[in-house]
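Right, one structure below, let's go through it.
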Amino acid sequence: MFSLTVCDHIMVAHSFRGAEFGPAQRLHGATFAVEAEFRAERLDALHLLVDIGLAKVELRRALDGLDYRNLDAEPEFAGLNTTTEFLCQHIHGLLVAALKAGKLGPQAANVTGLKVLLRESPNAWAAYEGPVA
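Numbering-wise (this note's numbering), the sequence shown opens with residue 1 and increments by one.
And the structure:
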């Protein structure tokens, strides 16, 4: 299995609903390092998995809707706990849509899997991994 990973970061504000979240029920900020790992069993004729430049552009495009925003105030997240795990799945969906739309180059047709990982700190992170199909 081949993989190619691109990275970026975002800063968000949000709060959580539920006593389990303790002080995180109050509005707070989070900075996430974001990694998107594209996977394929084979490369194209030029030995590419995806166009790395396009992958960086599409990751940034996916993150622009989150970066420097209070997620509590965004209509698409109304009533949801925007946990790290949830945000991984959300970003995964945006990148899968970009893949299906051909925005990562023609060789991206070989991509079968995608893993999105968000690091909250050097000691804590979450990921969502799923097929591209």
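C-beta: ideal position from N, C-alpha, C; glycine also.
Note that the coordinates shown come from a computational prediction; the quantities given were computed from them, not determined experimentally.
Using only CA atoms, which one of the options lies nearest to residue i?
{"i": "L71", "options": "I10, A133 and S3", "result": "I10"}
{"i": "S3", "options": "S15, A30 and T112", "result": "T112"}
{"i": "T5", "options": "H28, L48 and A73", "result": "L48"}
{"i": "A109", "options": "G18, L80 and K100", "result": "K100"}
{"i": "E35", "options": "L117, H14, A45 and Y68", "result": "L117"}
{"i": "A133", "options": "A126, P122, L114 and W125", "result": "L114"}
{"i": "L54", "options": "R39, G102 and L46", "result": "G102"}
{"i": "A73", "options": "M1, A62, P122 and V12", "result": "V12"}
{"i": "Q89", "options": "R26, R17 and P131", "result": "P131"}
{"i": "R61", "options": "W125, S15 and V96", "result": "V96"}
{"i": "L27", "options": "N81, R42 and C7", "result": "N81"}
{"i": "L46", "options": "Y128, E37, Q107 and R69", "result": "Q107"}
According to DSSP, residue i sits in a beta bridge with which residue or residues?
{"i": "N70", "result": "A13"}
{"i": "R39", "result": "S3 and G113"}
{"i": "V34", "result": "D8 and L118"}
{"i": "A124", "result": "S121"}
Give a yes or no on whether the C-beta atoms belonging to residue i and residue j are separated by under 8 Å.
{"i": "E58", "j": "A33", "result": "no"}
{"i": "A24", "j": "E120", "result": "no"}
{"i": "L94", "j": "V50", "result": "no"}
{"i": "E76", "j": "A126", "result": "no"}
What three-state label does DSSP hand residue i in the structure shown?
{"i": "H28", "result": "strand"}
{"i": "G130", "result": "strand"}
{"i": "A62", "result": "helix"}
{"i": "A45", "result": "coil"}
{"i": "A108", "result": "helix"}
{"i": "K103", "result": "coil"}
{"i": "L80", "result": "coil"}
{"i": "V50", "result": "coil"}
{"i": "G22", "result": "helix"}
Hey, quick one: how far does the alpha helix (DSSP H) through residue i stretch, first residue to last?
{"i": "E85", "result": "T84 to K100"}
For the ligand GTP, any of its heavy atoms closer than 7 Å to the Cβ of residue i?
{"i": "F21", "result": "The ligand GTP is not among the ligands present in this structure, which contains no ligands whatsoever."}
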